[in-house]
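These notes concern the structure reproduced below.
Numbering (our numbering), first residue to last: 7 to 262.
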């Protein structure tokens with residue numbers, strides 16, 4: 007799951023308004039109608055899911071198609087669009103990069119997702135960037151009295167300080183996985199074990215024995231790819247509207 011720190015820059019469904027309550031789909035909106043030319047036949051929510059493994063893979067083929075050569079998981083359809091589409095509600099349902107382990111685990115449990123899903127989906131941070139203001143407190147003011155987060159690798163912290171000069175910087179971005187920022191791989195878990203997770207919520211995964219053990223397992227690429235596909239299916243079932251609930255929008259960006 008792309009968390010709050012990267013929601014704007016790593017929205018997996020840019021261009022499509024989506025169901026409130028389905029956290030992995032973000033809250034991008036498009037001024038364009040259904041791109042397949044079939045208004046009220048296919049929902050924006052389904053289009054958003056198809057973007058993840060279809061158009062999205064084609065657009066970002068430098069790391070997705072070359073790595074997998076095929077979609078990673080089957081996307082179930084049949085979702086309907088919500089009648090409310092507010093960015094504030096989406097943000098409220100995205101786990102914060104400042105969460106500790108207890109709060110992070112509870113936020114996933116509130117959506118019916120497991121500890122395993124939490125750790126696996128955190129691996130999505132292998133691609134994308136983080137804004138300085140979402141982690142600079144770990145560099146300059148972790149305790150509220152100044153100072154650095156002692157759990158952060160000192161060499162990595164020094165590198166981050168060269169990019170993020172102050173707590174006030176909310177514009178600069180830094181790759182979340184400095185070793186391979188454009189490759190979808192298991193490197194996130196490797197650097198996490200070296201205490202090089204960017205966000206406090208990343209580091210939190212090492213503070214619990216259960217989640218730390220899962221991190222160890224996901225260092226293996228094939229294990230990560232398999233588990234990520236399943237956890238994405240699990241997350242895709244969160245807050246789905248079917249039957250007579252919601253609507254199928256004529257225009258993806260606005261309610262009917």
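Each residue gets a CB set at the ideal place from its N, CA and C atoms; glycine is no exception. The structure presented is a predicted model; accordingly, all values stated were derived computationally and were not measured.
Endpoints, the beta strand (DSSP E) within which residue i is located
i	result
residue 122	Unbroken run through residue 122 is the alpha helix (DSSP H), 121-128; no beta strand (DSSP E).
residue 179	179-181
Paired residues, beta bridge with residue i - DSSP
i	result
residue 86	247
residue 135	181
residue 147	153
residue 253	87
Opening and closing residue of the alpha helix (DSSP H) in which residue i lies
i	result
residue 229	227-242
residue 221	215-224
residue 81	Counting along the chain, residue 81 falls outside any alpha helix (DSSP H), and DSSP gives it neither H nor E.
residue 261	Looking at the DSSP string, residue 261 is not in any alpha helix (DSSP H), and its letter there is neither H nor E.
residue 175	That residue, residue 175, is in no alpha helix (DSSP H); it is neither H nor E in DSSP.
residue 113	107-115
residue 208	206-209
residue 165	160-169
residue 193	193-199
residue 102	Neither: residue 102 is in no alpha helix (DSSP H) and is coded neither H nor E.
Sequence-distant residues of its chain with Cβ nearer than 8 Å to residue i (five each side left out)
i	result
residue 168	none
residue 196	185, 225
residue 122	220, 233, 237
residue 59	Caution applies to residue 59, whose pLDDT of 46 falls short of 50 and renders its modelled position unreliable; the model cannot decide the point.
Within 8 Å, strictly: CB atoms of residue i and residue j
i	j	result
residue 247	residue 150	no
residue 136	residue 204	yes
residue 3	residue 230	Nothing can be reported for residue 3: it is not among the residues displayed for the chain, which extend from 7 to 262.
residue 128	residue 212	no
residue 262	residue 202	no
residue 253	residue 85	no
residue 131	residue 222	no
residue 116	residue 139	no
residue 170	residue 198	no
residue 173	residue 143	yes
Nearest-angstrom beta carbon gap, residue j and residue i [assumed within contact, 8 Å]
i	j	result
residue 183	residue 133	7 Å
residue 243	residue 79	That pair is no contact at about 12 Å.
residue 214	residue 107	5 Å
residue 155	residue 165	Not confirmed; about 14 Å, so no contact.
residue 217	residue 125	5 Å
Nonlocal neighbours in the same chain, by C-beta distance under 6 Å from residue i, ignoring five residues either side
i	result
residue 179	135, 137
residue 26	Low confidence applies here, because residue 26 scores a pLDDT of 30, under 50, leaving its location unreliable; read the following figure in that light. Excluding residues within five positions, the ones whose Cβ falls inside 6 Å are 88, 90, 95.
residue 187	181
residue 162	202
residue 239	79
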